[in-house]
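Working notes, beginning with the structure itself.
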Ligand code: BGP
């Protein structure tokens, strides 16, 4: 197998709201994730016309406690170091730094927490990789300002980004501005803090919110490069390799269009600095009214493009507009029809390692920028055996197949700089709030109701990933 480049960033990825817990400790405010109920109905609840960010009595709120990382980060990072992590991707909880989001001064206690997390990483020679905003908008900004459709959020984000970039830029080289920014096409609640009752069903609001995020992202990139021009600022998208169901040109065209809208729209803006040529067609299709663009917006977007493209990759999708296909792939978060050539995870996400090589080539050819796979992995039910071991061979298989395709992508000429499998330690699922949907190399004894000791133990995949890293991907 191809040797991965020297200095390849092997690691793991998490997000603050899914593992820190301590949801109102040391001055932290609530984030949108704190009012998302646990359970398979989570996404349906957020998409319901009546949902208005209020908690209900009989629901569970697993993000409140996460896996208590706020208190256990030293032990957890030590385990990452034991696996040989070269980097650790985590996010900063915006509401720890600005509890409501619109304050003028940050909460020092929140900053101190990330001082410690970063110091702990560096002590173990782990490069921190930070997502500035990962599905955890301060709740107040969603409730009182209506989320990202409100222009004022650009200023709030810029202030927040300036605080964290200024504080940490000497120790942190790799940053991402927004997690899965393109995901709003399917789940605006997570990435934009907008739900039907605050206008998320009106695509005028979605496109306007995107515009605000693009301007905010460019402003953060500007701040970062002014602090240090060698900082690496990435966009972050959820990439789904998109196939036509068959050779019918009508389906091929529809697949191309879906690909443009989902995979390229946000990436084009971040990487090329301009709205792509298909923007008008796309906005028209979704019934969106023209954007409100302020003087200077297009210039800042043009001048402050990203240094690399970060993306998550879990599944591919299939387009059929002719009715030729028989099955609907219900489990696939991104919809589409069933791909008969693929198997699916326990949660119905269709597993497609070759699709990752296609993704790498597509993104690389289109943008000629370094790529960073910042999420990938298998959500699965794990069983603790009587002797305490967890034999997660299915996870090893999944990751191995994807790593093999990464190596082939590098042989194709792709400049791939790193790989951080999602949920390197078990954490709360974003789409379902479940603990039982596990991704980790490290098992956490905690169930969907929050019961358990929180004890960490190593799965079989822990030692497997350790030797993958030790051999720089030569031995998978
Ligand atoms: C991505 C998100 C993550 C993460 C992952 C797995 O979309 O960026 O936050 O959770 O998906 O998804 P889930 O937790 O729903 O299985």
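Numbering (our numbering), first residue to last: 196 to 671.
For glycine and all other residues, C-beta sits at the position ideal for the given N, C-alpha and C.
Because the structure is a prediction, the values reported are computed rather than measured.
Any idea which residues DSSP pairs residue i with across the strands?
i	result
residue 641	Its beta-bridge partners do not exist; DSSP assigns none.
residue 301	The partner list for residue 301 (beta bridge, DSSP) is empty, contrary to what the question assumes.
residue 523	532
residue 179	Residue 179 is absent from the structure shown; the chain starts at 196 and stops at 671.
residue 506	432, 568
residue 538	546
residue 226	333
residue 207	283
residue 671	Note: residue 671 sits in no beta bridge, so no partner.
residue 513	438
Quick test of your reading: residue i and residue j, contact by CB under 8 Å. State the CB separation rounded to the nearest angstrom.
i	j	result
residue 656	residue 590	5 Å
residue 672	residue 505	Outside the shown range of the chain (196 to 671) lies residue 672, about which nothing can therefore be said.
residue 272	residue 339	Contact flag wrong, Cβ pair sits at about 35 Å.
residue 469	residue 412	Incorrect: roughly 14 Å between the Cβ atoms, too far for contact.
residue 291	residue 305	3 Å
residue 532	residue 513	5 Å
residue 393	residue 429	Not quite, the Cβ-Cβ distance comes to about 29 Å (not below 8 Å), so this is no contact.
residue 595	residue 516	Going by Cβ atoms, the distance from residue 595 to residue 516 rounds to 35 Å, so no, they are not a contact pair.
Residue i: beta carbon under 7 Å from a heavy atom of the ligand BGP?
i	result
residue 531	no
residue 574	yes
residue 570	yes
residue 215	no
residue 627	yes
residue 330	yes
residue 507	yes
residue 405	no
residue 370	no
residue 591	no
residue 672	Residue 672 lies beyond the range of the chain shown here (196 to 671); nothing can be said about it.
residue 210	yes
residue 339	no
residue 432	no
residue 624	yes
residue 375	yes
Taking 7 Å as the cut-off, is the CB of residue i close to at least one heavy atom of the ligand COA?
i	result
residue 632	Among the ligands in the structure shown, the ligand COA does not appear; only the ligand BGP can be found there.
query: Any chance the stretch 472–479 sits against the stretch 538–550, with 3 or more Cβ pairs inside 8 Å?
result: no
field: Runs of alpha helix (DSSP H) lying entirely within the stretch 545–627, each at least 4 residues, in chain order
entry: 548–562, 588–607
4 or more residues per run - each alpha helix (DSSP H) lying fully within the stretch 248–325: 264–278, 289–292, 303–318
field: At least three beta-carbon pairs within less than 8 Å, the stretch 292–302 to the stretch 634–648
entry: no
- prompt: At what residue ranges does the stretch 336–418 contain a whole run of the beta strand (DSSP E), taking only runs of 3 or more?
  reply: 369–371
query: Which ranges does the beta strand (DSSP E) cover as unbroken runs of at least 3 residues, wholly within the stretch 417–492, from first to last along the chain?
result: 427–439
query: Quick check: the stretch 493–508 against the stretch 532–543, are there 3 or more CB pairs under 8 Å?
result: Here the stretch 493–508 does not lie against the stretch 532–543, with fewer than 3 beta-carbon pairs under 8 Å apart.
- prompt: Just checking, does the stretch 597–612 make contact with the stretch 550–561 on the three C-beta pairs under 8 Å criterion?
  reply: yes
task: Say whether the stretch 570–578 touches the stretch 609–620, bearing in mind that this needs 3 or more beta-carbon pairs closer than 8 Å, one atom from each stretch.
output: yes
message: Does the contact criterion of 3 or more C-beta pairs under 8 Å hold for the stretch 281–295 versus the stretch 212–224?
response: yes
message: Under 8 Å: do the stretch 317–331 and the stretch 370–386 share three or more Cβ pairs, one atom per stretch?
response: yes
- prompt: Is the stretch 254–261 touching the stretch 228–239 in the sense that three or more CB pairs, one from each, lie closer than 8 Å?
  reply: These segments touch.
- prompt: Looking at C-beta atoms only, is the number of pairs between the stretch 354–366 and the stretch 414–431 that lie closer than 8 Å three or more?
  reply: Yes, the stretch 354–366 is in contact with the stretch 414–431.
- prompt: Does the stretch 273–284 come close enough to the stretch 236–256 that 3 or more CB-CB pairs lie under 8 Å?
  reply: no
message: Contact between the stretch 385–403 and the stretch 341–355 is defined here as three or more beta-carbon pairs at a separation below 8 Å; is this criterion met?
response: yes
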